[in-house]
Ligand SMILES: NC(=O)c1ccc[n+]([C@@H]2O[C@H](COP(=O)([O-])OP(=O)(O)OC[C@H]3O[C@@H](n4cnc5c(N)ncnc54)[C@H](O)[C@@H]3O)[C@@H](O)[C@H]2O)c1
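Numbering (the working numbering), first residue to last: 586 to 848.
Written out as C-alpha cells, the structure is:
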C-alpha cells in the first residue's frame, strides 16, 4: 500500500492514525482545512490544505493514491445545511474523485449514531439498518449508502466503520459500551487497508469492551483483533451516570435544529 490519503487528518482520529499507520514504503497524504503539524524527522507524509467539498482539491489529493481514509467532516450534530454540505456532499466528492483517479479502496468514517435510536437489546450487528438519532446520524447513513453505490456500480472496495467513541479514555457509562481505543483504531484501520478483497462492508469500530453492545464479528472478518477493553476505566464512571440510555446513541447527543432533547 504505497500512498494512503487521509482526509480530516488534523483531527483527533487523524492524529491517532498518523502515528499508527506508519509503515516502511508507505506515504501518508494528509488533507484537512486545518493546518497539519509539519513532518517529523523520517516521517513519510505529504501535507495538503483544502476542503473535501472542493472537487479540484480532491482530484489532486486522490492522484496515484492506493487508498483513502475519509475522516473529514463535522464529528457531531450540526445544522441541516452543514451536514448536507460537508458530511454528505463532501463524502460524495471524495468517492467521485477516488473513482475518477482509480483509487481501489475507500474507508469511510461512519458512526454509531446511524443506529442511535436502536434499542439497547443484545448485541447489534454491524450492518443493522439505519435508525439515526440526529441529522449527523442521518448524514452518516447517507455516507454508508453512497459507499454502497460506489462499490456496486464501480467495483471499488468500500468499508464503512461505525466508530463508537474513539478517545483516550471512556468518559462516561456510554463510552464503556462503545469505546475504541486509539491503539485499536490503528489496528482496525490497518486491517481495513490490508484485508484482501473486502468488497462493501459495514463494521463496528470498537474495542473488545466487556460491556460492549456491538458485534465484533464483522470487523474480525477483516482481520482486526482488538486488544483493549473499556473495563479498565470502570472505577472512573460515577454510579449515577445514566448516559448509557435505552438507546445505542445514548443520552448525551442533544440535537440542535431538531429542537428536542433525546428521549
Ligand atoms: N471520535 C469519535 O469518537 C468518532 C465517533 C464516530 C465517528 N467519528 C467520525 O470520525 C471522523 C473523525 O472524527 P474526529 O473525532 O477525529 O473529529 P475531529 O473534529 O477531531 O476531526 C475532523 C477533522 O476534519 C476536518 N474537516 C472538517 N471539515 C472539513 C472539510 N470540509 N474538508 C477537510 N477537512 C475538514 C477538521 O478540520 C478536523 O481536523 C469524523 O467523520 C467523525 O464523524 C468519530
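Heads up, the beta-carbon is just placed ideally off N, CA and C, and yes, glycines get one too.
Apart from the five residues just before and just after residue i, which ones in its own chain have a Cβ nearer than 7 Å to its Cβ?
i: residue 638; result: 670, 671, 674, 675, 678
i: residue 814; result: 792, 793, 794, 795
i: residue 762; result: 794, 796, 797, 798, 829
Taking only three categories from DSSP, how would you classify residue i?
i: residue 848; result: Only weak support is given to the placement of residue 848: the predicted model assigns it a pLDDT of 45, under 50, and the value that follows is read from those uncertain coordinates. Coil at residue 848, not helix or strand.
i: residue 816; result: helix
i: residue 750; result: strand
i: residue 612; result: strand
i: residue 836; result: coil
i: residue 698; result: helix
i: residue 633; result: strand
Quick one: is the Cβ of residue i within less than 6 Å of any heavy atom of ligand 1?
i: residue 623; result: no
i: residue 674; result: no
i: residue 632; result: no
i: residue 603; result: no
i: residue 598; result: yes
i: residue 777; result: no
i: residue 660; result: yes
i: residue 638; result: yes
i: residue 718; result: no
Excluding the five sequence neighbours on either side, which residues of its own chain have a C-beta within less than 8 Å of the C-beta of residue i, listed in chain order?
i: residue 733; result: 743, 785
Considering only C-alpha positions, which residue in the set the options is nearest to residue i?
i: residue 694; options: 764, 753, 653, 627; result: 653
i: residue 663; options: 634, 802, 722; result: 722
i: residue 609; options: 628, 811, 808; result: 628
i: residue 720; options: 749, 595, 602, 843; result: 843
i: residue 586; options: 835, 708, 659, 774; result: 774
Please state whether the Cβ-Cβ distance between residue i and residue j is less than 7 Å.
i: residue 800; j: residue 711; result: yes
i: residue 751; j: residue 651; result: no
Could you name the residues of the same chain whose beta carbon sits closer than 6 Å to that of residue i, not counting the 5 residues immediately before and after it, in chain order?
i: residue 776; result: 807, 808, 809
i: residue 727; result: 673
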